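Just so you know, the sequences run in chain order A and B. Going by this note's numbering, the first residue of the first sequence is number 5, and it counts up by one from there. Going by this note's numbering, the first residue of the second sequence is number 108, and it counts up by one from there. Where is the CB? At the ideal position from N, CA and C, for every residue including glycine. Please read all numbers here as calculations on a predicted model, not as lab measurements.
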Amino acid sequence: MLSWLLDPLNYEFMRNAIVTGILIGILCPVVGSFLIVQRMAILGDVIAHAILPGLVIANFLGIEIILGAFVFGMLSTSIIAWIRAQSRVKIDAAMALIFASFFALGVSLMTVLDTRLDLHEILLGDILSVRASDIWRTSIVALVILLLIMLFYKELLFYTFDKIGAEAAGLPVNALHVGLMAGITLTLIAGMKIVGVILVVSLLVGPATTAYLLVKELHWMMAVGAGLGVIASVVGMYISYYLDLPSGPAIALTVFGLFVLALLFSPSQGILTRSRFMKLPKH
Amino acid sequence: MLEVEYLSVNYRGTWALEDVSLRLIPGELVGLIGPNGAGKSTLIKAILGLVPVHSGRVLFEGIPLQHQRQRVAYVPQRSQIDWDYPITAKSVVMMACTVSTGWFRKPDRQARSRVRSALERVEMLNLSHRQIGELSAGQQQRVFLARALAQQADLFLFDEPFTGIDKKTEAILLRLFAELRSNGKTLLICSHEWGNSLDRYDRLLLLNQRLLANGDPKTVMTLDNIQRAYGENLQPSTNGHVEMPFFC
Ligand SMILES: Nc1ncnc2c1ncn2[C@@H]1O[C@H](COP(=O)(O)OP(=O)(O)OP(=O)(O)O)[C@@H](O)[C@H]1O
Ligand SMILES: [Mg+2]
C-alpha cells in the first residue's frame with residue numbers, strides 16, 4: 005500500500021504534477037465559489053475555451069503564454085458583458101456563442117500558424133508536461149489571487165450576494181467585476197496544464213459545489229471546497245498514473261465521485277441522510 | 108431634506124419616469140404608491156443612482172446624493188435576492204458595515220455591536236446563524252431591515268417591505284418606522300397597500316410615470332386621482348374604499 009503511494013513520487017514529473025495539483029486544487033474551488041453563487045458556473049467553461057487563441061498566438065510569437073491567454077480570457081468576458089448590455093440577448097446564449105467562436109478561432113489559428121502546440125495535451129491535460137517552471141508560475145498565481153481574495157473578501161461577498169445593494173452602498177462594482185473575471189481567467193490558465201481546457205471547469209465548480217451541500221457560508225464553502233479540490237486532484241493524479249489515463253478526466257471523475265458522496269450523505273441536504281434528520285424532532 | 112428635481116428615466120426608448128419632482132423632509136413617513144410598472148422601483152433606483160438618469164438631479168441636504176451614498180439605506184424588493192446564497196442572516200446584516208469599515212479592514216467591535224443590536228431590534232438575534240434560505244419571508248424581510256438599521260443611515264428607501272409578511276413582522280416594521288421617524292430620519296416606502304392602512308403615512312406620492320398627486324392620504328386618494336393612476340375601470344366599493352381590480 006505504502007509503496008503504491010510512494011512509487012510514483014520517484015519520478016520528478018510526478019512530484020511536480022502533485023505539487024501543482026495541490027496548488028490548483030486549492031485555488032480553483034476558492035475562485036469557483038464566486039462563480040457558483042452568482043449562477044455563472046458555465047462562465048468558467050467559456051473562459052477556459054476562449055483562452056485557446058491566446059495560447060496559440062503567444063506560442064507563435066514566443067511570448068509568455070499566460071499573457072496571451074489572459075488577454076483572450078478577458079476579451080471573451082467583456083464581449084459577453086457588452087452583448088448583454090447592448091441587446092436583449094440573454095447571457096446563456098451570449099456565452100454559448102462566444103465559447104464556440106473563440107474556441108473555433110483557436111483551433112483555426114493552430115492550423116494556420118502551424119504551431120507546435122499539442123491540442124490533445126491542451127484539451128485534456130498532461131501531467132508529463134508539468135515542468136519545475138510551471139510550479140513557480142502556478143505558485144505565484146495562486147498566492148497573488150488568494151491574497152487578493154482575502155483582502156477584498158467582504159467587498160466581494162457583498163457584491164456577489166447583492167449587486168444592486170453593493171452599488172447603492174457605493175462600492176465600485178465594475179472594478180470588483182473586472183477583478184473577479186481576471187482572477188477566474190488566471191485560475192483557469194494555471195489549472196489548464198494539469199486538467200486541460202475542457203475539464204478545468206470541473207475543479208473550478210465541482211469541489212465548491214460539493215462543499216455547498218455541506219456548509220452554509222461562503223468562506224466555509226471555499227475552505228471545504230479547497231480541501232476537496234486537493235483530495236480530488238491528488239487522487240486523480242494517482243489514478244492517472246496507474247491506469248494510464250489523461251490526468252484531466254481522472255481528476256474530473258474523482259471530483260464527481262466526491263460530489264455524489266456528498267449528495268447522498270450530506271448531514272443536512274443528503275438524499276439518504278436528510279430524511280433521518282427530519283424524523284429526529286419527533287422524539 | 109431630499110430634493111428630487113425633474114427626474115426622467117428612459118429604458119431603451121420608453122419613459123419609465125417623466126419630470127418627477129418631490130421633496131422628503133426629515134421626520135416624515137412618505138408612502139409611494141402606483142400600479143405595477145408605474146416606475147416606483149425605478150424612482151427609488153434613480154434616486155440611488157442605480158439606473159441611468161436622462162435628466163434631473165437628486166440632492167440630499169444640498170449635495171448630490173451620489174457623493175454621500177453611505178447615508179442612504181436601501182431595502183431591495185424581495186425578488187432581487189438569491190435566497191439560496193450560502194450566507195447567514197448575521198453576515199447579511201454585517202454588510203451594512205462594509206463601506207464604513209473601509210478597504211483591507213475587518214469590522215471592529217463597534218460595528219459588530221451595531222449589527223447585534225440591529226438584529227435584536229428586529230427580533231432576529233436568535234435566528235441570526237441560520238442560512239437566509241432557512242428563514243420565512245417575514246424573517247428575511249426583517250434581516251434586510253436590520254441591515255438598513257445597522258448602516259446608521261439618514262435616508263431610508265424601502266421597496267415593498269410589506270409584501271408577503273405576517274402581522275408580527277408588520278408590527279415590527281411599523282414600530283421601527285415610527286422610531287426612525289421620531290429620530291428625524293427621512294423615509295420613503297414604496298408599497299402596494301390599499302385602503303385604511305394608507306393612513307399610517309404622513310404623506311402619499313401617487314406615481315404613474317409622472318407624479319400624479321402629492322399630499323396627505325385623504326387628499327391623494329380621491330376617486331379622480333386613483334382613476335388617473337390605475338385607469339377608469341376602478342369602482343368605489345360599498346365600504347367607501349376604492350378596491351384594486353387585481354392584487355399584486
Ligand atoms: N431594466 C429595465 N429595462 C427596461 N425596462 C424596464 C427595466 N426596469 C423597469 N422597466 C420598465 O419601466 C417601467 C417601470 O418599472 P418599475 O419596476 O419601476 O415599476 P414598479 O412601479 O416598481 O412596478 P411593480 O409594482 O411591479 O414593482 C415598467 O414599464 C418596466 O417595464
Ligand atoms: Mg417595483
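Exposed unless 16 or more other CB atoms sit within 10 angstroms - verdict on residue i
i      : result
A/F165 : buried
B/P352 : Reliability fails at B/P352, whose pLDDT of 43 lies under 50, so the model's placement of it is uncertain and the value that follows must be treated cautiously. Counting Cβ neighbours within 10 Å, B/P352 comes out exposed, since fewer than 16 surround it.
B/K152 : buried
A/K286 : Legend: pLDDT at A/K286 = 43, less than 50; position of this residue unreliable, no value from coordinates given.
B/Y308 : buried
A/P33  : buried
B/K292 : buried
A/A230 : buried
A/I22  : buried
A/D118 : exposed
B/H236 : exposed
A/H124 : exposed
B/R310 : buried
A/G187 : buried
A/D130 : buried
A/G66  : exposed
B/F167 : buried
Chain-ordered chain E contacts of residue i [CB-CB under 7 Å]
i      : result
B/F211 : As a matter of chain content, chain E is missing from the structure shown, whose protein chains are A and B.
Chain A within 8 Å of residue i, Cβ atoms only
i      : result
B/P352 : Annotation note: pLDDT 43 at B/P352 (below 50); position unreliable, coordinate value reported separately. Not an interface residue.
B/L311 : no
B/N117 : no
B/Q246 : no
B/W122 : no
B/Q238 : yes
Under 9 Å by beta carbon: chain A residues contacting residue i
i      : result
B/L262 : The contacting residues do not exist; B/L262 stays about 11 Å from chain A at best.
B/M202 : K158, L161, F162, F165, D166, G169, A170, A173
Partners in chain B for residue i, counting only beta-carbon separations shorter than 9 Å
i      : result
A/A172 : K152, L155, G156, L157, R176, V179, A180, Y181, P183, L264
A/G274 : The premise fails here: A/G274 is roughly 16 Å from chain B at the closest Cβ pair, so nothing lies under 9 Å.
Per DSSP, the bridge partner or partners of residue i
i      : result
B/W122 : B/N117
B/T293 : B/E135, B/L262
A/R278 : A/R278 pairs with nothing; no bridge assigned.
B/G322 : B/L311
B/E112 : B/R164
B/I140 : B/L313
B/Y181 : B/L264
B/L129 : B/V111
CB contact below 8 Å: residue i versus chain B
i      : result
A/M196 : no
A/K286 : With a pLDDT of only 43 at A/K286, under the threshold of 50, the placement of this residue in the model should not be trusted; the figure read from the coordinates follows. For A/K286, the answer is no, since every Cβ of chain B falls outside 8 Å of its Cβ.
A/Y216 : yes
A/V148 : no
Interface partners of residue i on chain A, CB under 7 Å
i      : result
B/V160 : Here the premise fails: no neighbours, minimum Cβ distance about 14 Å.
B/V206 : A173, G174, L175
B/I188 : D166
B/S198 : E221
Residue i Cβ short of 7 Å to ligand 2 heavy atom set
i      : result
B/D189 : no
B/K147 : yes
B/K184 : According to the sequence shown, residue 184 of chain B is Gln rather than Lys. Checking the Cβ of B/Q184 against ligand 2 gives yes.
B/D331 : no
B/D266 : yes
Residue i Cβ short of 7 Å to ligand 1 heavy atom set
i      : result
B/R119 : yes
B/G134 : no
A/A172 : no
A/A89  : no
B/G141 : yes
B/A123 : yes
B/G144 : yes
Amino acids of chain B, ordered along the chain, whose beta-carbon sits closer than 7 Å to that of residue i
i      : result
A/L222 : P193, I194
A/M225 : P193
A/V228 : Neighbours of A/V228 on chain B: none; closest Cβ ~11 Å, over 7 Å.
A/V41  : Y192, P193
Chain-ordered chain B contacts of residue i [CB-CB under 8 Å]
i      : result
A/V219 : P193
Closer than 7 Å: residue i CB and nearest ligand 3 heavy atom
i     : result
A/A62 : This structure does not include ligand 3; its bound ligands are ligand 1 and ligand 2.
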